[in-house]
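Novice: Numbering (the working numbering), first residue to last: 125 to 324. Mind having a look at this structure? Questions to follow.
If you want it as structure tokens, here you go:
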């Protein structure tokens with residue numbers, strides 16, 4: 125009887141965790157990353173959770189990003205081509221952190237554009253739905269891990285499609301305004317190049 129109760133409890137827990145729309149918030153493993161990215165959002169109490177969620181996304185729906193070499197990668201990380209997969213994943217986390225600094229100053233609950241864009245990466249619900257993100261409402265996009273997972277889902281389409289991070293205002297720049305301003309773009313590049321594995 126106790127065994128049935130235990131299996132029943134496990135089934136309930138599994139059901140509850142599998143039904144949530146915000147999967148990255150639920151499935152983030154506690155295991156530390158093999159390569160710890162240096163990220164500005166470490167000033168936030170949610171930093172570890174955001175980093176883990178991004179790394180999980182880069183192993184799932186964002187896996188196309190560390191698998192490719194964007195044509196303009198040398199401007200962001202000269203050592204990327206010879207980097208390990210874990211180092212490449214750490215690069216993308218660093219890029220997310222640098223971008224979210226300019227989009228939201230690492231505040232997950234902020235809305236901009238007269239309430240049209242939300243969260244760390246300032247994503248609109250329409251864009252989130254268009255790319256099939258799990259977070260599709262303004263409130264869901266204000267959950268940091270879900271917002272980052274959505275951002276990586278978008279980038280995993282636009283970067284392979286265009287073959288670049290920001291050259292010609294394509295790739296990531298096709299959806300995020302900070303890349304259109306040279307001061308912010310150069311800051312993002314400086315932050316990603318600061319990763320130890322990005323030096324040649």
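Ideal Cβ positions, reconstructed from N, Cα and C, are used throughout, including at glycine.
1. Taking buried to mean at least 16 other C-beta atoms within 10 Å of its own C-beta, is residue 305 buried or exposed?
2. Checking 8 Å against the spacing of the C-beta atoms, do residue 243 and residue 268 come in under that value?
3. Pull the bridge partners of residue 236 from the DSSP assignment, please.
4. What is the residue span of the alpha helix (DSSP H) that residue 282 lies within?
5. Please confirm whether residue 182 and residue 200 have their CB atoms less than 8 Å apart.
6. Measure the CB-CB distance between residue 276 and residue 186 and report whether it falls below 8 Å.
7. On the criterion of 16 or more Cβ atoms from any shown chain inside 10 Å, does residue 214 qualify as buried, or is it exposed?
8. Label residue 307 either buried or exposed according to how many other C-beta atoms from any shown protein chain fall within 10 Å of its C-beta, with 16 as the threshold for buried.
9. Residue 178 and residue 217 - do their beta-carbons sit closer together than 8 Å?
10. Determine which residues share a DSSP beta bridge with residue 247 and list them.
11. Measure the Cβ-Cβ separation of residue 290 and residue 196 and say whether it is below 8 Å.
12. When burial is assigned at 16 or more other CB atoms within 10 Å of the CB, is residue 315 buried or exposed?
13. Going straight from the alpha carbon of residue 212 to that of residue 223, what length do you get?
14. Indicate whether residue 246 and residue 227 have their beta-carbon atoms separated by less than 8 Å.
15. Excluding five sequence neighbours on each side, which residues of the same chain lie with their C-beta closer than 6 Å to the C-beta of residue 309?
16. Considering only residues of the same chain and omitting the five flanking positions on each side of residue 229, which have a CB-CB separation below 8 Å?
17. Indicate the three-state DSSP secondary structure (helix, strand or coil) for residue 322 in the structure shown.
18. Taking the continuous alpha helix (DSSP H) assigned at residue 215, which residues delimit it?
19. Report the rounded CA-to-CA distance for residue 270 versus residue 324, giving the unit in angstroms.
20. Helix, strand or coil for residue 185 per DSSP?
21. Give the straight-line distance between the Cα atoms of residue 254 and residue 295, rounded to the nearest whole angstrom.
Specialist: Short version:
1. Flag for residue 305 reads exposed.
2. Contact annotation: residue 243 and residue 268 have beta-carbon atoms nearer than 8 Å.
3. Residue 236 pairs with 241.
4. 268 to 286 is the extent of the alpha helix (DSSP H) around residue 282.
5. No, Cβ-Cβ distance for residue 182 and residue 200 is not below 8 Å.
6. Their beta carbons are under 8 Å apart, which means residue 276 touches residue 186 by this criterion.
7. Sixteen is the threshold: when 16 or more other Cβ atoms of the shown chains lie within 10 Å of the Cβ of residue 214, as they do, the residue is buried.
8. Residue 307 is classed as exposed because its beta carbon has fewer than 16 other beta carbons within 10 Å across all chains shown.
9. Yes, the Cβ-Cβ distance between residue 217 and residue 178 is below 8 Å.
10. DSSP output for residue 247 lists 242 as bridge partner(s).
11. Result yes, Cβ atoms of residue 290 and residue 196 sit closer than 8 Å.
12. Buried, by the Cβ-count rule.
13. Going from the Cα of residue 212 to the Cα of residue 223 covers about 17 Å.
14. Yes.
15. Close CB contacts of residue 309 within its chain, under the 6 Å cut and outside five residues either way in sequence, are with 303 (chain order).
16. The answer is none, since no qualifying residue turns up.
17. Note: residue 322 maps to helix in three-state DSSP.
18. Unbroken alpha helix (DSSP H) run through residue 215: 209 to 228.
19. About 33 Å.
20. The answer is coil: DSSP assigns residue 185 none of H, G, I, E or B.
21. So the alpha carbons of these two residues sit roughly 16 Å apart.
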